[in-house]
Amino acid sequence: MYNNFGVNMKKDKIDIIYEDKFIIVVNKPAHLLTISTENEKERTLFHKVINYEKQKNKNNKIFIVHRLDRDTSGLIVFAKSEKVKKILQDNWDEMAKTRGYVAVVEGRIEKKKDTIKNWIKEKIDFTSYTSDKPNDGKIAITKYELLNTSKSYSLLKIEILTGRKNQIRVHMKDIGHPIVGDKKYGAKTNPLKRLGLHANILELKHPITHQILKLESKVPSIMLNMFSKD
């Protein structure tokens, strides 16, 4: 159903899933920041994408639209103009029609599928937590479906209907099945040496053409191999 438009090109070690004159969508590897802060000067995905663009034309620009955590992999959208960036950021929840992930979580989940709905707030230390009290924070809705299990782990298909900070990580902690490698939110194991979270599906309404782009990134084999049968 979903396509990568046949443009998986390796340029400056970036995996391009889709590109036109308005946007570029790339596959972010784990262990790489989306963009740096004043305190983080290391090379980032943003640096790699802007370098790729400037190789084509030194006047080209890139604008960040959204982020993934350093140890999360998957689809990231960059805009090629401030106008397009503003359109996407101002209308992200409406334009990002489907946001799908695959996650490896600790333990064997009993419910085959469920929807988690509550309100997320942020602590002074920048971690997030949930409240079941209506309107006590920002509404957060996460749907999951069980894909596979092993003795100690579960593989989930996840869709977020809202985009709160650390939403999936917080919700998995809440149901007692934190994402592997997520020590910040209660994980006790780190078999992948990264977060077991990958943003693999994005159904995006194009900010200019209004075409519905169905974008997909392959789930890292290291995640799937945890559930391969001997």
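Convert by adding 2 to the 1-based position in the sequence shown; the result is the number in the numbering used here. Virtual Cβ for every residue (Gly too), placed ideally from N, Cα, C.
- Residue nearest to Ser38 within the set Arg69, Leu226, Lys56 is Arg69 (criterion: CA-CA distance).
- Under the three-state reduction of DSSP, His33 is assigned to coil, being neither helix nor strand.
- When secondary structure is reduced to three states using DSSP, Leu77 falls in the strand class.
- Contact between the segment 81 to 90 and the segment 172 to 191 is not established, with fewer than three Cβ pairs separated by less than 8 Å.
- Runs of the beta strand (DSSP E) lying entirely within the segment 164 to 225 and spanning at least 3 residues, in chain order: 199 to 207, 214 to 218.
- Following the DSSP letters along the chain, one finds Asn227 in no alpha helix (DSSP H), marked with neither H nor E.
- When the Cα atoms are used, Ser223 and Ser75 turn out to be separated by approximately 12 Å.
- Ranked by how close their Cα comes to the Cα of Gln169, the residues Leu77, Ala142, Trp94 have Ala142 in first place.
- Within its own chain, the residues whose Cβ lies closer than 8 Å to the Cβ of Phe65, once the five positions on either side in sequence are excluded, are Phe80, Ala81, Lys82, Ser83, Glu84, Val86, Lys87, listed in chain order.
- Phe229 is not a Cβ neighbour of Leu158, given a cutoff of 8 Å.
- For the pair of segments examined, the segment 189 to 209 was found not to touch the segment 49 to 60: the number of CB pairs separated by less than 8 Å stays below three.
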